Amino acid sequence: MLFRSKRISPAAQTEIQIDISDSLGIRKLHFGGDDTQSAMRVSDPIELVLAYTRCLFGFLLFNPHPRKALLIGLGGGSIAKWMHEKMPSTHLTAVELHPQVVAVARSMFQTPADDEHLDVIVGDGAAHVYAMPDASTDLIIMDAYSATGIAEPLATADFFSACRDRLTDDGVLVVNLWGSDRHFETYRDRLSAAFSERILLLPARQKGNVLAFCFVRSQNSPGWATLADRAAQLKATYGLEFDEFVSDLARLNPHNDRKLFI
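Per this note's numbering, the very first residue in the sequence shown carries number 2; after that it's consecutive.
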């Protein structure tokens, strides 16, 4: 099954190709080529099949109760569905550039209709952030990778600074990065600069995704014991492998045997 949509920008004409595949009970969304953008277990549409989507919720270790959240990039709706089901006290606005992606997410991936917990908007994610008031959201999630990488307007130093300004004092920006992307270090450095080095990197255990958690203010270098306690509580509540997330934070971030430096 094939869908196409086009966006005309001042710089160039770009095209997105949407392919859907079904195999062994898993439905996948592809934006051209073989790379999987979203995956859904048909028998359990809420399950977070892809490891990076589970790792993304590692932010709950540091901000467990966001009231307002913004998601840039809907894809098949995995993140939006999970938050809608598991975090009903959070109002999520999802901004997706391509109307065809929204149509596919809802018709083939069971993304729910808009209600008091969810609004899906067709629009430009960067423009949406620039138009937001300062300190107006507790969480921004950027999951906007395509077959060609992150769109440049969503990866500039100015954009990351705008995200910081739109977050509340306890706010977190979560960015899905690809470890082997030739721009990975550039993106990391821009995020670090925008957030005054208050950044953690969490590698997913499948493939090469790396989640960047960027904080408006210091997390007071939590101890590993404190993080382990938080992880146990979150795992009991949500069923995700938060204990592994805590262990994996030691792989790419400054720490000692007592605490994580952030």
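Glycine included, each C-beta is placed from N, C-alpha and C at the ideal position. Here the structure is a predicted model, which is why all the values come from computation and not from measurement.
Compute the distance between the beta-carbons of Pro89 and His129, then report whether it is under 8 Å.
The residue you call residue 89 lines up with position 88 of the sequence shown. The residue you call residue 129 lines up with position 128 of the sequence shown. Cβ atoms of Pro89 and His129: not closer than 8 Å.
Out of curiosity, what's the CA-to-CA distance linking Leu155 and Asp139?
What you label residue 155 is simply residue 154 of the sequence shown in a count that begins at 1. What you label residue 139 is simply residue 138 of the sequence shown in a count that begins at 1. Looking at the two C-alpha atoms, the distance is approximately 19 Å.
Please go through the same chain and pick out, in chain order, the residues whose beta-carbon is closer than 8 Å to the beta-carbon of Gly26, but skip the five residues on each side of it.
Counting from one through the sequence shown, the residue named residue 26 turns up at place 25. Closer than 8 Å at the Cβ level, and outside the excluded window around Gly26, lie Arg42, Val43 and Ser44.
Report the residue ranges of all beta strand (DSSP E) runs contained in full by the stretch 113-159; include only those spanning at least 3 residues, in chain order.
119-123 and 138-143
Got a sec? Which residues, its chain only, sit under 6 Å from Ile9 by beta carbon, not counting five neighbours each side?
Here residue 9 corresponds to residue number 8 of the sequence shown, with the count starting at 1. Caution is warranted here: a pLDDT of 32 is assigned to Ile9, below 50, making its placement in the model unreliable, and the coordinate value is therefore given only provisionally. For Ile9, where only same-chain residues beyond five positions count, there are no Cβ hits under 6 Å.
Rounded C-beta distance between Gln220 and Ile263? I'm assuming under 8 Å.
Along the sequence shown, one-based indexing puts residue 220 at 219. Along the sequence shown, one-based indexing puts residue 263 at 262. Indeed they touch by this definition, with Cβ atoms about 5 Å apart.
Taking 7 Å as the cut-off, does the CB of Val175 come closer than this to any heavy atom belonging to the ligand SAM?
With respect to small molecules bound, the structure shown includes none, and the ligand SAM cannot be examined in it.
In DSSP terms, what Ala40 is bridged to:
Looking up residue 40 in the sequence shown gives position 39. DSSP output for Ala40 lists Lys29 as bridge partner(s).
Nearest candidate by alpha-carbon position, reference Ser162, set Glu242, Arg183, Phe185 and Phe196
For this step, residue 162 is matched to residue 161 along the sequence shown. Cα-wise, what sits closest to Ser162 is Phe196.
To the nearest whole angstrom, what separates the beta carbons of Arg231 and Leu49, a pair I think is in contact under 8 Å?
Within the sequence shown, numbered from 1, the residue matching residue 231 stands at position 230. Within the sequence shown, numbered from 1, the residue matching residue 49 stands at position 48. Incorrect: roughly 19 Å between the Cβ atoms, too far for contact.
From the DSSP secondary-structure annotation, give me the bridge partner or partners of Ser22.
Locating residue 22 in the sequence shown gives position 21, counting from the first residue. In DSSP, Ser22 forms a bridge with Lys29.
Reference Leu253; option with closest CA among Gly74, Trp225 and Leu201
Counted from its first residue, the sequence shown places residue 253 at position 252. It is Leu201.
Roughly how many angstroms lie between the CA atoms of Asp144 and Leu98, to the nearest whole one?
Along the sequence shown, read from residue 1 onward, the residue named residue 144 stands at position 143. Along the sequence shown, read from residue 1 onward, the residue named residue 98 stands at position 97. Each residue's Cα considered, the two are about 12 Å apart.
Same chain, Cβ closer than 8 Å to Asp244, five either side skipped, listed in chain order:
Taking the sequence shown and counting its residues from 1, the one referred to as residue 244 is at position 243. Around Asp244: Ala229, Ala232, Ala233 and Lys236.
Identify every residue that forms a DSSP beta bridge with Val173.
Here the question's residue 173 lines up with position 172 in the sequence shown. The partner list for Val173 (beta bridge, DSSP) reads Leu140 and Phe216.
Would you check if the distance between the CB atom of Ile142 and the CB atom of Ile73 is smaller than 8 Å?
Taking the sequence shown and counting its residues from 1, one reaches residue 142 at position 141. Taking the sequence shown and counting its residues from 1, one reaches residue 73 at position 72. The Cβ-Cβ distance between Ile142 and Ile73 falls below 8 Å.
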